[in-house]
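Down below is the structure, laid out as structure tokens.
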């Protein structure tokens, strides 16, 4: 059931996958796929890693779980495939992007351009049952993504971790703030964006930090 993952992640994935919680998670997902539709499709579950190899990671944008509407989730947090209408959270991200950088609202709702520049678009939970938000939380994904965040913190230097929402912010405990920048705010969902996401300027702050560490800035224009 596990699709191929880009090779530079292999050593980290083996640790994350060779434990009891991951095996229980795979058994759970097998049963889910037999009875329900899950998103993203099985071949796209680990797509974030395939778009952004481990050595290339400069920024981690961490969300909660994938979109649960048909045709939306494709393995990159907050992104939707080309031609798909932007969900409300993504519209708020674009609203903040426009305000922060003084540019127009993007017309491209697929964020793979960011991923290819070193932005790991990761969710704390990598799958969800169709039309049922949060349905795959506390099934083992959290332990898996804990390992990913911890390894990035330990093995890399001068990364930017962008934690949107309280669920993502729980990962902050695994990040060495003496080596990395952590930007935390409310989730961009319409239910919470006005409580600190809008006006947080994550895009310019990220680039200011990368520039200060002599790293190439992210071109956020889509």
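In our numbering, the protein residues as written are 1 to 222.
Using N, Cα and C, we set each Cβ at its ideal position, and we do this for glycine too.
Point to revise | Cβ neighbour criterion (16 or more within 10 Å) applied to residue 111 | key: buried
Point to revise | Nearest residue (CA-CA) to residue 168, options 99, 203 and 126 | key: 126
Exercise for review: Compute the Euclidean distance between the alpha carbons of residue 26 and residue 102, then round it to the nearest angstrom.
Suggested key: 44 Å
Check your understanding: Any C-beta of chain B sitting closer than 8 Å to the C-beta of residue 68?
Key -> The displayed structure is made up of one protein chain only, and chain B is not part of it.
**Study point:** Supposed close pair residue 160, residue 210 - CB separation, criterion 8 Å
**Key:** 7 Å
Point to revise | Three-state secondary structure assigned by DSSP to residue 164 | key: strand
Exercise for review: Compute the distance between the beta-carbons of residue 122 and residue 148, then report whether it is under 8 Å.
Suggested key: yes
Exercise for review: Go through its chain and collect everything with a Cβ distance to residue 57's Cβ below 7 Å, but skip five positions before and after it.
Suggested key: 118, 120, 152, 156 and 159
Point to revise | Buried versus exposed call for residue 20 [16 or more other C-beta atoms within 10 Å across all chains shown] | key: exposed
Practice item. Could you pull the start and end residues of the beta strand (DSSP E) that residue 183 belongs to? Key: 181-185
Check your understanding: When the distance is taken between beta carbons, is residue 48 closer than 8 Å to residue 76?
Key -> yes
Review point. What did DSSP end up calling residue 209 once you bin it into helix, strand or coil?
Key: helix
Review point. Who does residue 39 pair with in a DSSP beta bridge?
Key: 128
Practice item. For residue 94, I'd like the list of residues in its chain whose CB is within less than 6 Å of its CB, leaving aside the five on either flank, ordered along the chain. Key: 105 and 106
Practice item. Provide the residue span of the alpha helix (DSSP H) that contains residue 177, from first to last. Key: Note, residue 177: premise wrong, no alpha helix (DSSP H); not H, not E.
Review point. For residue 146, which residues of its own chain have a beta-carbon under 8 Å away from its beta-carbon, when the five flanking residues on both sides are left out?
Key: 171 and 174
Check your understanding: Going straight from the alpha carbon of residue 140 to that of residue 154, what length do you get?
Key -> 22 Å
Review point. For residue 124, which option in 116, 142, 138 and 11 has the closest C-alpha, if you only look at C-alpha atoms?
Key: 142
**Study point:** Length at least 4, wholly inside the segment 7-82: the alpha helix (DSSP H) runs in chain order
**Key:** 10-17, 20-35 and 47-51
Review point. According to DSSP, is residue 221 helix, strand or coil?
Key: coil
Point to revise | Selected residue, minimal CA-CA separation from residue 164, among 203, 128 and 144 | key: 203
Check your understanding: Among 192, 179 and 200, which one has its Cα closest to the Cα of residue 166?
Key -> 192
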